[in-house]
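Note sheet for the following structure.
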Amino acid sequence: MLRTLLVWTTIVLSTTILGILAFFTFPFDRGGDVVHLYARLWGKSILWASGVKVKVRGLEKITSRGPYIFMSNHLSAYDIFVLLAHLPLQFRWLAKAELFRIPIFGWAMSTAGYISLDRSSPRRAYRSMEEAARRIHEGVSVVIFPEGTRSRDGRLGPFMKGGFTLAVKAQVPVVPLAIKGTYEIMPPHTKKVLSRGEVVVVIGDPIETEGLSLRDRDKLMEEVRRGIEEALEEAGA
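Following the numbering used here, the numbering of the sequence shown begins with 41 at its first residue and continues without gaps.
So, in structure tokens, the structure goes:
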């Protein structure tokens, strides 16, 4: 109970303080790079309050600054904190539009250049993908949870096709990621911190998309799924 109280107090305070900093930084940081550094600090502060330790394997597979499309399994809200704090390059989230409506938090996401995925209609979803492709062509890496939501049972669920359409459009490598340990800390059915624990992140081998077309989308989806499954095995899941 005390741990949960400390974590939520940290979330509220850090979101407010860093949101204010983002407000004053924004006019001088139109690309969102500095605000993303605030987001990294935000993630680190929440992990510290939670008593969570993180190990990352496979960093040597990211041989340049990108751009990449990272695709990860999704177990918990803690996946966001972990990747912000420990993925050591500038990236932007492709996140569902509902998150951008949260006071302060949603505004900070927009300020950081994170990309809203509006699935309320095919036209809006298409515009979201076009915006994401534009950002990638500008040299910005993107992180996607291809399941589209958190796993209810801790297992890898079915993938949505939107991220793979984006990968084919962008023609940049897709990097599979596996996260293990966040489900035990805060599974989707609760807002309580159930344990401190250790989280393991495994970075898989990049999968090239150059030369692929939409006809190859399903094959790419299967290959990325295998990459995440192999990374999960390496993580001990």
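Positions of the beta carbon are idealized from the N, C-alpha and C atoms, including for glycine.
(1) I144 and G59 - do their beta-carbons sit closer together than 7 Å?
(2) Verify whether the separation of the beta carbon atoms of P128 and V212 is less than 7 Å.
(3) Looking at the structure shown, is A218 part of a helix, part of a strand, or coil, going by DSSP?
(4) Take G222 and list the residues in its own chain whose beta-carbon comes closer than 6 Å to its own, dropping the five residues that flank it on each side.
(5) Taking the straight line between their C-alpha atoms, what separation do you get for V215 and V183?
(6) Might you give, ordered along the chain, the residues of its own chain that have their beta carbon closer than 8 Å to the beta carbon of A148, omitting 5 neighbours on each side?
(7) Note down the Cα distance separating L134 from M41, rounded to an integer number of angstroms.
(8) So if DSSP puts F131 in a beta bridge, which residue, or which two residues, is it bridged to?
(9) Roughly how many whole angstroms lie between the Cα atoms of S46 and R236?
(10) Thinking just about the alpha-carbon of each residue, which of I225, E273, V208 and L124 is nearest to the one in K259?
(11) Along the chain, which unbroken stretches of the beta strand (DSSP E) at least 3 residues long are found entirely within the segment 48 to 127?
(12) Please report how far the alpha carbon of E262 lies from the alpha carbon of I225, in whole angstroms.
(13) Among F64, K201, R97 and G244, which residue has its Cα nearest to the Cα of L254?
(14) Can you give me the Cβ contacts of D158 inside the same chain, cut-off strictly under 7 Å, excluding the 5 residues immediately before and after it?
(15) Please return the same chain residues whose Cβ sits closer than 6 Å to the Cβ of V96, not counting the five positions on each side in sequence.
(16) Taking all protein chains shown into account, decide if W82 is buried (16 or more other Cβ within 10 angstroms of its Cβ) or exposed.
(17) By how many angstroms is the C-alpha of E170 removed from the C-alpha of V94?
(18) Can you give me the C-alpha to C-alpha distance between G244 and P228, rounded to a whole angstrom?
(19) Could you tell me the boundaries of the beta strand (DSSP E) in which V212 lies?
(20) Given this structure, state the Cα-to-Cα distance separating D193 from F68, to the nearest angstrom.
(21) Confirm, please, whether the CB-CB distance from A218 to I176 is below 7 Å.
(22) Go ahead and label L234 buried or exposed: buried means 16 or more other beta carbons lie within 10 angstroms of its beta carbon, across all protein chains shown.
(23) Consult DSSP for K136 and reduce its assignment to one of helix, strand or coil.
(24) Give me whichever residues DSSP pairs with L157 in a beta bridge.
(25) Applying the criterion that 16 or more other CB atoms from any shown protein chain within 10 Å of the CB defines a buried residue, is G179 buried or exposed?
According to the data block:
(1) Here residue 59 is taken as the residue at index 19 of the sequence shown, counted from 1. Here residue 144 is taken as the residue at index 104 of the sequence shown, counted from 1. Yes, these two residues count as a Cβ contact at 7 Å.
(2) Counting from 1 along the sequence shown, the entry for residue 128 is found at position 88. Counting from 1 along the sequence shown, the entry for residue 212 is found at position 172. Taking 7 Å as the Cβ cut-off, P128 and V212 do not qualify as a contacting pair.
(3) For the purposes of this step, residue 218 is taken as the residue at position 178 of the sequence shown. A218 falls in the strand class under three-state DSSP.
(4) Working through the sequence shown from its first residue, we reach residue 222 at position 182. Here the sequence assigns Thr to residue 222, which means Gly is not the residue at that position. Excluding sequence neighbours, T222 sits near L115, S116, Y118, D119 and V239.
(5) As a first step, residue 215 is located in the sequence shown; it is residue number 175 there, counting from the start. As a first step, residue 183 is located in the sequence shown; it is residue number 143 there, counting from the start. V183 has its alpha-carbon roughly 9 Å from the corresponding atom of V215.
(6) Within the sequence shown, residue 148 is the residue found at index 108, counting from 1. Only T55, L58, G59, A62, V75, Y78 and A79 meet the Cβ criterion.
(7) Within the sequence shown, residue 134 is the residue found at index 94, counting from 1. Within the sequence shown, residue 41 is the residue found at index 1, counting from 1. Their Cα atoms are separated by approximately 32 Å.
(8) Position 91 of the sequence shown holds residue 131. Within the DSSP bridge table, the entry for F131 names S181 as partners.
(9) One-based indexing of the sequence shown puts residue 46 at position 6. One-based indexing of the sequence shown puts residue 236 at position 196. It should be noted that the sequence gives Leu, not Ser, for residue 46. Between the alpha carbons of L46 and R236 lies a distance of about 12 Å.
(10) Here residue 259 refers to the residue found at position 219 of the sequence shown. Of I225, E273, V208 and L124, the residue nearest in Cα terms is V208.
(11) Correct list: 93 to 97 and 109 to 112.
(12) Taking the sequence shown and counting its residues from 1, the one referred to as residue 262 is at position 222. Taking the sequence shown and counting its residues from 1, the one referred to as residue 225 is at position 185. Going from the Cα of E262 to the Cα of I225 covers about 29 Å.
(13) Residue mapping note: residue 254 aligns to position 214 of the sequence shown, counting from 1. Selected option, being the one with the closest Cα: K201.
(14) Reading the sequence shown from its first residue, position 118 is the one you call residue 158. Residues of the same chain with a CB within less than 7 Å of the CB of D158, apart from the 5 flanking positions on each side, are A137, R164, A165 and S168 in chain order.
(15) Here residue 96 refers to the residue found at position 56 of the sequence shown. The residues are H126 and V241.
(16) As a working mapping, residue 82 is identified with position 42 in the sequence shown. Buried is the call here.
(17) As a first step, residue 94 is located in the sequence shown; it is residue number 54 there, counting from the start. As a first step, residue 170 is located in the sequence shown; it is residue number 130 there, counting from the start. Rounded to whole angstroms, V94 to E170 spans 34 Å at the Cα level.
(18) For this step, residue 244 is matched to residue 204 along the sequence shown. For this step, residue 228 is matched to residue 188 along the sequence shown. Taking the straight line from one Cα to the other gives about 25 Å.
(19) Along the sequence shown, read from residue 1 onward, the residue named residue 212 stands at position 172. No beta strand (DSSP E) holds V212; DSSP gives it neither H nor E.
(20) Stepping through the sequence shown from its first residue, residue 193 is reached at position 153. Stepping through the sequence shown from its first residue, residue 68 is reached at position 28. Here the C-alpha atom of D193 lies approximately 43 Å from the C-alpha atom of F68.
(21) As a working note, residue 176 is residue 136 in the sequence shown. As a working note, residue 218 is residue 178 in the sequence shown. In this structure, A218 does not lie closer than 7 Å to I176 by Cβ.
(22) Residue mapping note: residue 234 aligns to position 194 of the sequence shown, counting from 1. Its Cβ having fewer than 16 others within 10 Å, L234 is exposed.
(23) Numbered from 1 along the sequence shown, position 96 holds the residue referred to as residue 136. Of the three classes helix, strand and coil, the one that applies to K136 here is strand, per DSSP.
(24) In the sequence shown, residue 157 corresponds to position 117, counting from 1. Per DSSP, K136.
(25) The residue given as residue 179 occupies position 139 in the sequence shown. In this structure G179 is exposed. Its beta-carbon is surrounded by fewer than 16 other beta-carbon atoms within 10 angstroms.
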